[in-house]
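Chains A, B and C supply the protein sequences, listed in that same order.
The first sequence begins at 0 in numbering that gives the first Met the number 0 and counts up by one.
The second sequence begins at 0 in numbering that gives the first Met the number 0 and counts up by one.
The third sequence begins at 0 in numbering that gives the first Met the number 0 and counts up by one.
Just so it is clear, CB atoms sit at the ideal spot from N, CA and C, and this is done for glycine as well.
None of these values were measured; they are calculated from a predicted model.
Report on the structure given below.
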Amino acid sequence: MPSYNLYMGCSVPANYPNYEAAMLKVAKELGMELEYMEGVACCGSPNLRAIDFMGWLTVNARTIAIAEKNGHDIVTPCNGCFASLKDVYHHLKHDDAHKKQVNAVLKKEGLEFKGISKPRHFVEALYSDIGIEEIQKKITKPLDGVGIAIHYGCHVLRPKDVTEFSPEIYQELVKVTGATVIDYPLWKQCCGATVLPVNEELAIRLARDKLKSMTEAGAVFATVACPACGNQLDLQQLGLKESYGEEYNLPVLLYPQILGLAMGMDEDDVGLSMNRVPAGSIIEHLTE
Amino acid sequence: MTEADEKDGPPVVLVDPIDMSKLDSEFRNEIKSMPYGDELNACFACSTCTAACPIANVWTYKPHQLIRMIILGMREEVLSSDEIWLCLTCFQCQERCPQKVRVTDIFFDCKNLAAEESKIPETIVGLAKTLMEKGQLYEVTADWEREDMDLEPAVPGLSTNEFKDIIKATRTGKIVGGEE
Amino acid sequence: MSDPVLIIGAGVAGLTAAVELADSGVNTIVVEKLPTVGGNALDLYKAFPTDDCFYCFEGNRWRPGIRKCFYRSALIDQPNMDLKINSYVEQITGNSGKFEATIHVGPEYIDAKKCIMCGLCIEYSSAFSLVSPQCQPQAVTYDPDKADEGDKKAVEECPTKAINLDAQPKKETVSVSDVVIATGYHEMKPVNVDEYSYGKHPNIVTQLELAQILDPIGATDGKLLRPSDGKPAKRVMMVQCVGSRDENYYPYCSKICCVYALKHANILTEERDASQVSVVYMDIRTYDSHERYYREARENGVEFVRGRVARVEPKDENELDIIVYDSLLDKYLKFTVDLFVLSSALEPPEGMDNIIDSLGLNVASGFIAPADLVSENEVVAGDHIYACGTALGPAEVPESVTQARAVASKILQNRK
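Written as structure tokens, this is what we have:
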């Protein structure tokens, strides 16, 4: 039974308890042991990286160093946390001077970054360590082939040499639930979350373009594996009627919600009622 | 300098060139010495980064122009530009760059240089404050929602003091608490 | 008598070396993995700089032959050439003019001497096919993976009894004095360059695939048609440097893509009635006198866009919207096209690594590098080991031929 250090970050616990709960339940069913990390806080987000590179390096190196006490890999459900942790991990593996500098700070807490515990996104661990075959065995209520558009999220896909993630991972995970993956032209495009603090209008426009592209390609649902992307595509959808006079009514599910339902959990188990755009209609697409 | 140079008013000819000797020729080396600037000089100006960027059409300076400006030494213009802060950090430019210039990462380096000179958008300073005061960007406010999902009301394992201490000692501390 | 020379690959370079050596009285063994000779050149409608095939040069007209079977007379008349098709070299041992080569010779299902290419077998079973009417040897081919009920009938009905389905592969071990590597290039299938959507829409092709569309003996009889629905393609866009000059794929310039893209652009506008041809480029590299293709293309009204493709959006099954960033104009342009042609990198062929490793040769970006760079003997890859043509990296036809002749010259000098 694979064990992991679970790094929640700040956004999922505060804004997406349904994501957190669905992930924990799915993981348990599939035999992944996730243990909340002790004594950790925020990853700082790309904003901290932008203004305070050394601070960003140090806080994330610290998180990795805490994980290294038991040596298990870190998994996180947030693309932002994943990007920060994995980028720092990658950077410190290749930059001895910064590693020394960071470790000098961490030493005060009795910690050291060694580069043993690898930061990973939850969906990648699911795919690589449990595998499609094992997941398939647990699917009791597969979806009826309904079309789902995947928003991968920039920070798991790129830069590829750092993230080591490929779109096929997410596609296979959606297919195993019985859904059809919908290709749409803007699949690579950003959800806009990062520029939300500096240019809200631009951020909303990016989210809107994405939703339009997905809907026009025939998606009935969309899925994300990141709270920031979820915010942009799900929550922001509600404001589009006012700003653009457009209504997409495209339910956006966190991936473990879809998987959980296909594994036979009910809608309360995965917190379906907390999704901003009503997502209850996915129940109609489950087959026995 | 001759007397004529010091005179104000329009230049003698219509083309008013950027005087290369007034640019900061060391700027490219400054960026190169930063964590992601290794391949900066490899840029061959193909503009793939701009073709890949989903928002460059609303930028005054396009990504390939910013890289060009760095190479030419237009330090002030780059570090004061809105564009570096508007970058989505989606890494599409960097991923497609045929010469492996780490375009997005270099914009992060530029933001750090700008931050060192206190050229930071107000909203980002606000985020820095939040990070330093609360140790996280989001706090659990609706703990009943967590309980509804059978989760502990408080996030297990969360401890923010160490985080705050670290960034207080780095640049965030300077940005937020300059007057303290 | 000296041992024969082993030549690996029967494309332009390999066959040139073989013919030159054979004509000079040297025995050659030519090993070709495909069922026909000609290599990539077989698929070119017109090759630059003559806009025809090299062997149709006036200077070569003394050898009777027609376009695309330039080697036919040599292969039929020249007793010093032993061609082994459907074959590959398994292993080479020894050194310094004394090599032992083990050759896997594919089963001879069709006796090329008997086959009259009447096409009867093809009617009975899809396992039989004719690669090209100009193929050499002149014979149909048989693919055992496609074997079906009709095979037996084909054997029985073959008017010259040329088919033997019980044929087995064999292993031959030969002693050879020299090894000539002329394994050519492969045009990269740009499936991984996902911004161009290659493989996701039928009207997105590579330049070599376009050459096949333009070939008068090809599937469309040379008409410029959309693969999706067979309707005329009027609007064509080409994009340069797909996978070339790109550290993520191949760092080198593939050298000939600019010229063949321009050649194709000229054929499209001059001979195929295309109404709109655009070329998206970052640099146009028409070295030497090839600049004339560039000038000609501009005169023909070909649109050159300095910039890169932002996005490819299929409009429907037949048309594509291509959004291009024009860096000179600093604007985004949208084109609607019937055919999107990728000038994809020329890469080393499969198995190149093995040859390089087993013979201990120098390597440059996956191709063979000369044994001694400063000697200026670029075709000398080792002691009695030579390379010519695109085994040494991207090259145009005349260059490949020149190198092949240099190889022949070196071998002949050594034998004096």
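For valine 11 of chain B and serine 20 of chain B, what's the separation of their Cα atoms in angstroms?
19 Å
Beta-carbon gap between tyrosine 137 of chain B and alanine 13 of chain A smaller than 7 Å
yes
Looking at the structure shown, is methionine 237 of chain C part of a helix, part of a strand, or coil, going by DSSP?
strand
Same chain, Cβ closer than 6 Å to isoleucine 91 of chain C, five either side skipped, listed in chain order
Phe98, Ala100
Look at the Cβ atom of cysteine 114 of chain C, then the Cβ atom of valine 88 of chain C, and state whether they are nearer than 7 Å.
no
Could you tell me which uninterrupted beta strand (DSSP E) segments, each at least 3 residues in length, are contained entirely in the stretch 210-266 of chain C, listed from first to last along the chain?
234-241
Between glutamate 89 of chain C and chain A, is the shortest Cβ-Cβ distance under 7 Å, so that the two count as touching?
no
Going by the beta-carbon positions, is the gap between glycine 156 of chain B and tyrosine 35 of chain A smaller than 7 Å?
yes
Would you tell me roughly how many angstroms separate the C-alpha atoms of aspartate 228 of chain C and asparagine 317 of chain C, rounded to the nearest one?
7 Å
For lysine 187 of chain A, the nearest candidate out of A:Val219, A:Pro16, A:Ala206 (CA to CA):
A:Ala206
Cross-strand partners of proline 118 of chain A (DSSP beta bridge)
A:Ile73
Going along chain A in order, which residues have a C-beta closer than 7 Å to the C-beta of serine 24 of chain B?
Chain A residues near serine 24 of chain B: none, gap ~24 Å exceeds 7 Å.
Let me know the beta strand (DSSP E) ranges lying completely inside the stretch 48-136 of chain B, each 3 residues or longer, listed in chain order.
none
Separation of valine 30 of chain C from histidine 82 of chain C, as counted between CA atoms:
A small correction: the amino acid at residue 82 of chain C is leucine; histidine does not occupy that position in the sequence shown. Near 6 Å, if we compare the C-alpha coordinates of valine 30 of chain C and leucine 82 of chain C.
Test: proline 277 of chain A CB closer than 7 Å to a CB of chain C
no
Counting only Cβ-Cβ distances shorter than 7 Å, please list the residues of the stretch 31-56 of chain A near chain B, keeping chain order.
Tyr35, Met36, Glu37, Gly38, Val39, Ala40, Cys41, Gly43, Ser44, Pro45, Asn46, Leu47, Arg48, Ala49, Ile50, Asp51, Phe52, Met53, Gly54
So which residues of chain B does glutamine 188 of chain A contact, with C-beta pairs closer than 7 Å?
Pro53
Residues of chain A with a CB under 9 Å from the CB of serine 158 of chain B: which are they?
Glu37, Gly38, Val39, Ala40
When the Cα of tyrosine 15 of chain A is compared with those of B:Cys86, B:Leu71, B:Val154, which residue comes out closest?
B:Val154
Return the residue from the list A:Ile129, A:His93, A:Leu125 that minimises the CA-CA distance to alanine 112 of chain A.
One detail in the question is off: residue 112 of chain A reads as phenylalanine in this sequence, not alanine. Phenylalanine 112 of chain A has its Cα closest to that of A:His93, out of A:Ile129, A:His93, A:Leu125.
Closer than 7 Å, Cβ to any Cβ of chain C: which residues of the stretch 78-106 of chain B, in chain order?
Arg95, Pro97, Gln98, Lys99
Buried or exposed: asparagine 4 of chain A, going by 16 or more other Cβ atoms within 10 Å of its Cβ?
buried
Counting pairs of Cβ atoms below 8 Å between the stretch 1-8 of chain C and the stretch 178-198 of chain C, do you hit three or more?
yes
Would you say arginine 244 of chain C reaches chain B, if we count a Cβ-Cβ gap shorter than 7 Å as a contact?
yes
For the stretch 339-350 of chain C and the stretch 196-214 of chain C, state whether three or more C-beta atom pairs, one from each stretch, are separated by less than 8 Å.
yes
Could you check where the alpha helix (DSSP H) with aspartate 164 of chain B kicks off and where it finishes?
160-168
Alpha carbons only, please: which of C:Glu155, C:Lys254, C:Phe303, C:Gly242 is nearest the one belonging to asparagine 265 of chain C?
C:Phe303
Let me know the secondary structure DSSP gives aspartate 416 of chain C once reduced to three states.
With chain C represented from 0 up to 415, any question about residue 416 of chain C goes unanswered, as that position is not in the structure.
Could you name the residues of chain A that arginine 284 of chain C contacts, counting a contact when the two beta carbons are closer than 8 Å?
Simply none; closest approach about 29 Å.
Which bits of chain B does glutamate 200 of chain A rub up against, with CB to CB less than 9 Å?
Residues of chain B passing the Cβ test: none, with the nearest at roughly 10 Å.
Who are the near neighbours of lysine 128 of chain B in its chain, counting only those whose CB is closer than 8 Å to its CB and skipping five residues on each side?
Val175
From A:Phe164, A:Gly191, A:Ala148, residue whose alpha carbon lies closest to that of proline 184 of chain A
A:Ala148
Residues near cysteine 41 of chain A by beta carbon distance below 6 Å, same chain, minus five either side
Cys9
Roughly how many angstroms separate the alpha carbons of glycine 244 of chain A and methionine 53 of chain A, rounded to a whole number?
44 Å
Would you give the residue range spanned by the beta strand (DSSP E) that arginine 305 of chain C belongs to?
302-313
Does methionine 187 of chain C get closer than 7 Å to chain B when you measure Cβ to Cβ?
no
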